[in-house]
Amino acid sequence: MSLTNRQLFFFVFLFTIPFVTSMLPKMMADSFGTGAWIYLTAASLFYSVFAGIIAYLGFSNRGKTLFEYSRPLVGKFLTYCFSLIYFVNFFIYTSTTARSMAEIIHAEVMVNTPRWVVMAVTLAAAGYAVSKGLTNLGRIFEIMGILILTVSIFTRFLTIAQGDVLNLLPVMDIAEPKKYVSMVPSSLFLFSGFELMTIIPFTKRNGTKVMGTAVFTVLFIGFFYIFATETTYMILGVDDCSNYNYPLFTAVRRIDVNALQFLKRGDLIFIITWITEAFCNLSIILFATVEYARKMLAKQGSNFVLAAIGILAFAAGLLPSSAAMAESLALHTSFYLSGFTMITIPLIFFITQKVKNHEKNISEQP
Amino acid sequence: MKKTFRNSLSILLAACILLTLPGCWDSLDIETRDIMTALIVDKKGGECYFYTEVANLSGKKSQQNGDQSKDNFSILTSEGKTFSEARDDYNRKTVNQVFLGASRILIFTNRMADDGIEEYLNRLRGQLDYRKTIPLSTTFDEPMDILNDVPENSASVGFAIEKNLESIVKEGTWFSMNVGDALQVLASKKAGFLVPDLAVSNKAITISGMTVFDQNGKRIGKISAENRNGIVYFFNPHAIFFYDIRQGDKKYTVRIIFKKKKIVPAYTGGQLTLQIDMSFNANLNFADKLGPVTQETQTKIQNQLESRIKQEIEQTVKTSQQKYRCDYLGFYKYFRASYQKEFEKMNWQDVYSHAQITAAAHVNINESNIPVES
């Protein structure tokens, strides 16, 4: 059960981007206007450090996941406490992602299909994918990831060709400092995804390059966010972005490729790709949730755990009364839990690991 | 047994996905939808009216007029106190569910334009099946006169108007304005926009000019098609026009191709200055009399063209500043790019209408179909 570095890149990338990119331009237009790239660059640089730390921990404890390497570092009790935090975090993300996916598909593509049907079908399909294990998921998502990335970049270039560069000016639109502070919780939501590396055991094959891959992935996600936000601005303008819940879809719908009659409506491929993206995203989050549950319950490879979590996530996903509530739940989860899973816990392990290594070095000295 | 169960489960899952995710739940056969190709929105006496051209897929001959070419399309109307009521009335009249995704043109009557189109455009903002790339237009004619017109080479009025607009934009003599563009300008709350105006003339639908809308989406005036050159230079990066220039005893026809524009705003002590520089390439197409053209004549033609285009640009801006007091030429984007904070606080309409304008046109005759005498 392992991933290559390239597969790891796509795992983290597909975990992070689908839902964020659909609403990111609105969030950025409301808070930072055309200066959004400054915030996104700063946030991606900040989080890339923590992605590097998690990758370092995985690299230092090859063949082990966080649940396994944390025992010798912090003891059994804290291991379970930390794993529970990760489990709750991923579980809430699974249910809110399934719900948000159903809401977006219902709002933008299939207005007559009930949300619960979309949720049930996508969770069942994701569950089937998860049952095939990490290695198979890694292989299939590597291929899907390449396709998704290609189509996304192609669609964004179409947007550039038809957009107005003036909508991106002024480039240096620096917001008030309190805006940056108020957007800290959102930044956790935007970059939540690399903590997934805590359930991926690294092997010798990953080598030291895995840390570079982790840092590069987060920086690339930041770049991708900037690209998605700016190209949406080019079509809609900053003012109009605020008037839509999912401006990315609106912008893509405003592109007509007249030069390619067979592909005049570029939004069709974009929407199909986005649904694939969202499916990959759901499968990866479900995988992370199930892995933590299996480890804590000592039921490695149990499909019963998978089925139970799938059903529970479906039920929990139905609880929010609206799309806004589901999104707010995801945002609050990221604020209260992702802060721990992305920053605090990895930092505790990193310091403990360093101290233990230092102690070991001292004891080994003659 | 276990294998059979797994196979059955896989087939069930695949069936669920095929039935729901690709949209089968939402899909309807084409003949069970009313496909709208043109929509005219009108308001009179406090009532809202929809006039639509709908593709006739039943194969039944139309009884509306004797023209066979109209057999493929039907005209449906509805009314109500509000747009929702008019839509409700429309739904109760139509046999099938309406499909808006194939609409080719959205037309507002002058009455509707006077009352304001912002509400209706905001209504479209939330309608998913309505393409935001469909062109907008206005008309002073009665909706039925437009929809009953029989265009040449097209059975549908909607398709004919869309194609007409598309072709003149491509030729460089007009500019595109669609629902999405109007929504973007309205979201700024500080600028206006221009919409092509249609008229039925000699039994043919023609683009007679453009309607000026203010920042609230209300009609404030009309500019005739003859005065459009300056406007097209602002909006169409591939603008092309022909000018007749008299030089000596000859009349030269010159093809002007827009090259680039540079707009530099400066804002000091509450006074806005806009510096507009436009460059053009020109092609000496032909003259009314045969014979070569000298370098000197060419320079004179060039100077004449520069002064004429400069005048057109200045007149275009002046009209927007003094007559309509509305920035429908999109200067606000240039100003905001350099003075974001000031822009947010100021009354742009006031500042713009008192702005000082410096315009310059640079023409370079780089091609000549007439032999040049060295």
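Line by line, the protein sequences are chains A and B. Our numbering applies: residue 5 is where the first sequence begins, and numbers increase by one. Our numbering applies: residue 111 is where the second sequence begins, and numbers increase by one. Every residue gets a Cβ at the ideal spot worked out from N, C-alpha and C, and that includes glycine.
**Request:** Measure the alpha-carbon distance for residue 448/B versus residue 454/B and round it to whole angstroms.
**Result:** Within the second sequence, residue 448/B is the residue found at index 338, counting from 1. Within the second sequence, residue 454/B is the residue found at index 344, counting from 1. Rounded to the nearest angstrom, the two C-alpha atoms are 12 Å apart.
**Item:** Proximal residues of chain D, C-beta to C-beta of residue 132/A below 9 Å
**Value:** Of the protein chains in the structure, A and B, none is chain D.
**Residues that residue 391/B bridges to, as DSSP identifies them** = Indexing the second sequence from 1 puts residue 391/B at position 281. As computed with DSSP, residue 391/B is found in a beta bridge with 367/B, 474/B.
**Asked** Hey, residue 231/A and residue 160/A: beta-carbon distance below 7 Å or not?
**Response** Here residue 231/A refers to the residue found at position 227 of the first sequence. Here residue 160/A refers to the residue found at position 156 of the first sequence. Yes, the Cβ-Cβ distance between residue 231/A and residue 160/A is below 7 Å.
**Contacting residues, own chain, Cβ-Cβ under 7 Å from residue 206/B (five flanking each side not counted)** = Here residue 206/B refers to the residue found at position 96 when the second sequence is read from its first residue. Excluding positions up to five away in sequence, the list reads 142, 143, 144.
**Item:** Top-ranked residue by Cα proximity to residue 127/A, from 162/A, 326/A, 324/A, 283/A
**Value:** One-based indexing of the first sequence puts residue 127/A at position 123. Out of 162/A, 326/A, 324/A, 283/A, 283/A has the C-alpha closest to the C-alpha of residue 127/A.
**Message:** Between residue 236/A and chain B, is any beta-carbon pair separated by less than 7 Å?
**Reply:** As a first step, residue 236/A is located in the first sequence; it is residue number 232 there, counting from the start. No - not a single Cβ of chain B is within 7 Å of the one on residue 236/A.
**Backbone CA spacing between residue 417/B and residue 153/B [nearest angstrom]** = Locating residue 417/B in the second sequence gives position 307, where the first residue counts as 1. Locating residue 153/B in the second sequence gives position 43, where the first residue counts as 1. Distance between the alpha carbons of residue 417/B and residue 153/B: 44 Å.
**Item:** Minimum length 4: unbroken alpha helix (DSSP H) runs contained in the stretch 159 to 193 of chain A
**Value:** Every alpha helix (DSSP H) stretch that sits fully inside the stretch 159 to 193 of chain A and reaches 4 residues is listed by chain position as 181 to 186.
**Asked** Would you report the Cα separation of residue 217/B and residue 330/B, rounded to the nearest angstrom?
**Response** One-based indexing of the second sequence puts residue 217/B at position 107. One-based indexing of the second sequence puts residue 330/B at position 220. Here the C-alpha atom of residue 217/B lies approximately 17 Å from the C-alpha atom of residue 330/B.
**Prompt:** Considering only C-alpha positions, which residue in the set 457/B, 261/B, 165/B is nearest to residue 311/B?
**Reply:** Within the second sequence, residue 311/B is the residue found at index 201, counting from 1. The shortest C-alpha separation from residue 311/B is found at 261/B.
**Asked** Is residue 146/B helix, strand or coil when you go by DSSP?
**Response** Taking the first residue of the second sequence as position 1, residue 146/B is located at position 36. DSSP, reduced to helix, strand and coil, places residue 146/B within a strand of the structure shown.
**Request:** Pull up the distance between the alpha-carbon of residue 111/A and that of residue 278/A, whole angstroms please.
**Result:** Position 107 of the first sequence holds residue 111/A. Position 274 of the first sequence holds residue 278/A. Answer to the nearest angstrom: the Cα atoms are 14 Å apart.
**Request:** Would you give the residue range spanned by the beta strand (DSSP E) that residue 329/B belongs to?
**Result:** Here the question's residue 329/B lines up with position 219 in the second sequence. Its beta strand (DSSP E) spans residues 329 to 334.
**Asked** Can you tell me whether residue 291/A is buried or exposed, with buried defined as 16 or more other CB within 10 angstroms of its CB?
**Response** Here residue 291/A refers to the residue found at position 287 of the first sequence. Residue 291/A should be labelled buried.
**Request:** With DSSP as the reference, please indicate the residues paired to residue 216/B in a beta bridge.
**Result:** Taking the second sequence and counting its residues from 1, the one referred to as residue 216/B is at position 106. Residue pairing of residue 216/B in beta bridges, as defined by DSSP: 149/B, 246/B.
**Request:** Output the boundary residues of the beta strand (DSSP E) element that contains residue 319/B.
**Result:** On the second sequence, position 209 is the one that residue 319/B refers to. Looking at the DSSP string, the run of the beta strand (DSSP E) that includes residue 319/B is 314 to 323.
**Asked** Do residue 164/B and residue 184/B come within 7 Å of each other at the CB atom, strictly closer than that value?
**Response** Sequence index remark: in the second sequence, residue 184/B carries index 74 (1-based). Sequence index remark: in the second sequence, residue 164/B carries index 54 (1-based). Result yes, Cβ atoms of residue 184/B and residue 164/B sit closer than 7 Å.
**Item:** Local conformation of residue 175/B per DSSP, three classes
**Value:** Here the question's residue 175/B lines up with position 65 in the second sequence. At residue 175/B, the pLDDT of 49 sits below 50, so the modelled position is not reliable and the matter cannot be decided from this model.
**Nearest to residue 471/B (by Cα), restricted to the options 421/B, 450/B, 437/B, 433/B** = The residue you call residue 471/B lines up with position 361 of the second sequence. Of the listed residues, the one whose Cα sits closest to residue 471/B is 421/B.
**Request:** Between the Cα of residue 357/A and those of 57/A, 214/A, 260/A, spot the shortest distance and give me the residue it belongs to.
**Result:** By 1-based counting over the first sequence, the position of residue 357/A is 353. Considering only alpha carbons, the answer is 57/A.
**Request:** Spatial neighbours of residue 176/B within its chain, please: CB distance less than 8 Å, with the 5 preceding and 5 following residues excluded, ordered by chain position.
**Result:** Numbered from its first residue, the second sequence carries residue 176/B at position 66. Below a pLDDT of 50, predicted positions are generally treated as unreliable, and residue 176/B, at 49, falls in that range; the measurement from the model is reported next regardless. Taken in chain order, the list of residues that qualify is empty.
**Asked** Beta-carbon separation of residue 29/A and residue 254/A under 7 Å?
**Response** Counting from one through the first sequence, the residue named residue 29/A turns up at place 25. Counting from one through the first sequence, the residue named residue 254/A turns up at place 250. No, they are not a contact pair.
**Request:** Classify residue 270/A as buried or exposed, calling it buried when 16 or more other Cβ atoms lie within 10 Å of its own Cβ.
**Result:** In the first sequence, counting from the first residue as 1, residue 270/A sits at position 266. Here residue 270/A is buried. Its C-beta has 16 or more other C-beta atoms within 10 Å.
**7 Å CB neighbourhood of residue 184/A in its chain, flanking five on each side removed** = To locate residue 184/A, count along the first sequence from 1; it is residue 180. Cβ within range, chain order: 43.
**Item:** Sequence-distant residues of the same chain with beta carbon closer than 6 Å to residue 218/A, five excluded per side
**Value:** Locating residue 218/A in the first sequence gives position 214, where the first residue counts as 1. If we look at residue 218/A and ignore the five residues flanking it on each side, its Cβ neighbours are 55, 56, 59.
**Message:** At a CB distance below 8 Å, what residues from the stretch 166 to 196 of chain A approach chain B? Give them in sequence order.
**Reply:** Residues of the stretch 166 to 196 of chain A with a Cβ closer than 8 Å to any Cβ of chain B, in chain order: 168, 170, 171, 173, 174, 177.
**Request:** Indicate the three-state DSSP secondary structure (helix, strand or coil) for residue 483/B in the structure shown.
**Result:** By 1-based counting over the second sequence, the position of residue 483/B is 373. Secondary structure of residue 483/B (DSSP, three-state): strand.
**Item:** Contact with chain B by residue 103/A, beta-carbon distance below 7 Å
**Value:** By one-based count along the first sequence, residue 103/A stands at place 99. Chain B, which has no Cβ nearer than 7 Å to the Cβ of residue 103/A, makes this no.
**Prompt:** Is it buried or exposed for residue 466/B, if we count other Cβ within 10 angstroms and need 16 for buried?
**Reply:** The count along the second sequence starts at 1 and reaches residue 466/B at position 356. Label assigned to residue 466/B: exposed.
**Message:** Counting only Cβ pairs nearer than 9 Å, list the residues of chain A close to residue 444/B.
**Reply:** By 1-based counting over the second sequence, the position of residue 444/B is 334. The contacting residues are 170, 173.
**Presumed contact (8 Å Cβ cut-off) between residue 150/A and residue 39/A, rounded CB distance** = Indexing the first sequence from 1 puts residue 150/A at position 146. Indexing the first sequence from 1 puts residue 39/A at position 35. Not confirmed; about 32 Å, so no contact.
**Message:** If you follow the alpha helix (DSSP H) that residue 356/B is in, where does it begin and where does it stop?
**Reply:** As a first step, residue 356/B must be located in the second sequence, where it is residue number 246. That residue, residue 356/B, is in no alpha helix (DSSP H); its beta strand (DSSP E) goes 350 to 357.
**Request:** Give a yes or no on whether the minimum CB-CB distance between residue 450/B and chain A is below 7 Å.
**Result:** If you number the second sequence from 1, residue 450/B lands on position 340. Chain A contact via Cβ: present.
**Request:** Could you tell me which uninterrupted alpha helix (DSSP H) segments, each at least 4 residues in length, are contained entirely in the stretch 218 to 304 of chain B, listed from first to last along the chain?
**Result:** Runs of the alpha helix (DSSP H) inside the stretch 218 to 304 of chain B: 220 to 225, 228 to 235, 253 to 257, 267 to 281, 289 to 298.
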